[in-house]
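According to my numbering, the sequence shown is numbered sequentially starting from 42. Okay, structure first, notes after.
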Amino acid sequence: MKAVPYVDMAAQFAAERDTLMPLVESVLAGGMWVGGDAVPAFEDAAVAYTGAKHCVGVSSGTDALILSLLALDIGPGDEVITPPNSFVASTAAIAHVGATPVFADVAADQNFDPAAVAAAVTPRTRAIMPVHLTGRLCDMAGILAVARDHGLKVIEDAAQAIGAHIDGRQAGTFGDAGCFSAHPLKNLNAAGDAGFVLTDDDALADRLRRLRNNGLVDRDTVVEWGFVSRLDSLQAVILSHRLGYLDTVIAARRANADRYRAGLDPAHVFVPEDAPNSFATYHTFVIQVDRRDALKEYLAGMGIGTAIHYPVPIHLQPAARSLGHGPGDFPVAERQAGRILSLPINQHLSADDIDRVIAAVNGFFQ
Ligand SMILES: Cc1ncc(COP(=O)(O)O)c(C=O)c1O
């Protein structure tokens with residue numbers, strides 16, 4: 042029986058090889074492997090796509106978060122509110138700048154519950170870091186209201202959400218900074234690690250540009266200690282090319298999601314609804330089920346690849362021990378961690394592939 046792979050990078054490269062390779066070759070032949078025109082060309086394209094004023098290419102989504110926190114002067118003594126069910130990088134970035142991650146629980150759709158965020162605010166809170174998990178935007182109206190009430194910065198972790206929008210406003214353009222990953226598994230993916238930050242703030246963009254490049258403002262002048270967190274020219278040219286067909290990737294994933302929604306048995310499979318004005322991009326398609334581990338094993342036996350994003354909430358990780366949390370502190374995120382399963386949703390799957398997964402999941406519960 043034909044396997045249904047969770048991801049299929051070889052299929053992506055096969056489809057774009059003829060158009061991509063001349064661009065890669067031109068960067069290699071041009072000799073500007075760091076710097077050169079490819080990075081600003083991608084940044085301009087990302088600005089045009091998202092409607093942000095600035096895009097600053099960096100070396101990963103994690104660095105996008107760390108540099109944004111630093112550029113907003115968030116550090117020791119400051120608290121940043123973040124969800125416990127994200128990829129670990131959101132919390133790690135807060136810890137890396139010396140600030141304290143403060144968790145707030147999530148809602149049924151796995152995204153921040155604005156009421157929980159409001160309840161987590163203390164006199165030391167400096168910022169909120171919402172995570173648009175799965176490519177579905179958080180309730181940004183609710184989160185921005187909390188930020189406004191308390192004078193807080195908002196740093197969006199939009200690592201999974203390029204192209205998602207609410208009423209036409211793009212992920213990463215709601216807060217002071219919007220941080221993106223272009224890791225190979227993201228919908229807009231590099232052939233290695235890469236990321237970028239969106240902002241409308243001129244001074245913040247300037248500071249991000251120098252922080253990513255050793256603190257240099259010109260060839261010989263260092264105004265503050267920086268990092269080597271630049272976006273590579275090769276990754277930039279690949280990202281520009283792939284941004285050109287991102288909308289077809291998103292459309293294919295949304296069509297797969299619609300097919301799952303229509304076919305999966307709601308008596309056994311919970312699939313969060315998208316708000317009517319919310320355009321989700323399905324970086325992952327996450328169902329919530331009883332007997333998750335048994336289902337995962339059953340599907341693996343049928344050649345169907347799945348994943349769990351993420352099995353252990355961050356507050357229960359060994360690295361978070363010093364924050365003093367234990368089981369029961371964030372009950373919604375903890376319950377979901379035992380029930381979530383990401384089904385294959387990649388853009389290379391056919392309707393038949395999705396139907397096979399639907400039949401297998403429904404069959405498991407019958
Ligand atoms: C929600 C979230 N935040 C941050 C990151 C970090 O991005 P990167 O792996 O590019 O450093 C990722 C991606 O892996 C992510 O999914």
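All residues carry an ideal CB built from backbone N, CA and C; glycine is no exception.
If you compare the alpha carbons of R300, F320, A360, P307 with that of I395, the shortest gap goes to R300. Less than 9 Å separates the beta-carbon of T123 from that of D198. Look at V172 here: in three-state DSSP terms it is strand. According to the DSSP secondary-structure assignment, N254 is paired through a beta bridge with V269. In the pairwise beta carbon analysis, the region 199-214 is classified as not touching the region 255-265: fewer than three pairs are separated by under 8 Å. With respect to the 9 Å criterion, V121 and I355 are not classified as neighbours on the basis of their beta carbons. Comparing C-alpha distances from F268 to each of V147, V138, G365, G118 shows the shortest one belongs to V138.
Using a 10 angstroms sphere on the CB of V80, the tally of other CB atoms reaches 16 or more, which defines it as buried.
Taking C-beta atoms under 8 Å as the contact rule, V147 and A292 fail to qualify, at a distance of about 27 Å.
The count of Cβ pairs closer than 8 Å, one atom from the region 259-279 and one from the region 87-95, stays below three, leaving the stretches out of contact. With a 10 Å radius around the Cβ and a threshold of 16 neighbouring Cβ atoms, E84 comes out buried. Take V187, set aside five residues on each side of it, and the residues of its chain with a beta-carbon closer than 8 Å to its own are P155, V158, A159, V162, I169, L193, in chain order. For H95, the enclosing beta strand (DSSP E) begins and ends at 95-99.
Inclusion of V327 and V402 in the CB contact set at 9 Å is not warranted, their separation being larger than that value. In chain order, the residues with a C-beta atom nearer than 6 Å to some heavy atom of ligand 1 are S101, G102, T103, S127, F128, A130, S131, V172, D198, A200, Q201, S222, H224, D234, G236.
When A212, I115, A182 are compared, the shortest CA-CA separation from R165 is found for I115. Collapsing the DSSP output to three states places R294 in a helix. A direct Cα-to-Cα measurement between T60 and L226 gives close to 21 Å.
Going by beta carbons, T289 and Q388 fall inside the 9 Å limit.
Between G342 and G236, the gap from beta carbon to beta carbon reaches 9 Å or more.
Restricting attention to beta strand (DSSP E) runs no shorter than 3 residues, the region 115-155 encloses them at 120-123, 141-144, ordered along the chain. Per DSSP, reduced to three states, the secondary structure at A87 is helical.
Pairing A134 with T103 gives a Cβ-Cβ distance under 9 Å.
Taking the Cα positions, R294 is about 34 Å away from P359.
When rounded, the separation of the alpha-carbon atoms in D241 and A232 is 28 Å.
A direct Cα-Cα distance of roughly 22 Å separates I386 from I279. With contacts defined as CB atoms closer than 9 Å, A86 and L284 qualify as a contacting pair. If you keep only unbroken alpha helix (DSSP H) runs of at least 4 residues inside the region 370-404, you get 372-378. As the crow flies, the alpha-carbon of L178 is around 27 Å from that of D334.
Looking at the backbone, the Cα of F144 and that of L357 are separated by about 11 Å. Look at G192 here: in three-state DSSP terms it is coil, with no helix or strand label. Burial state of G213 is buried, judged by a 10 Å Cβ sphere holding 16 or more other Cβ atoms. Just measuring C-alpha positions, the residue of H224, T132, L382 sitting nearest S363 is T132. For Q276, the enclosing alpha helix (DSSP H) has its first and last residue at 274-284.
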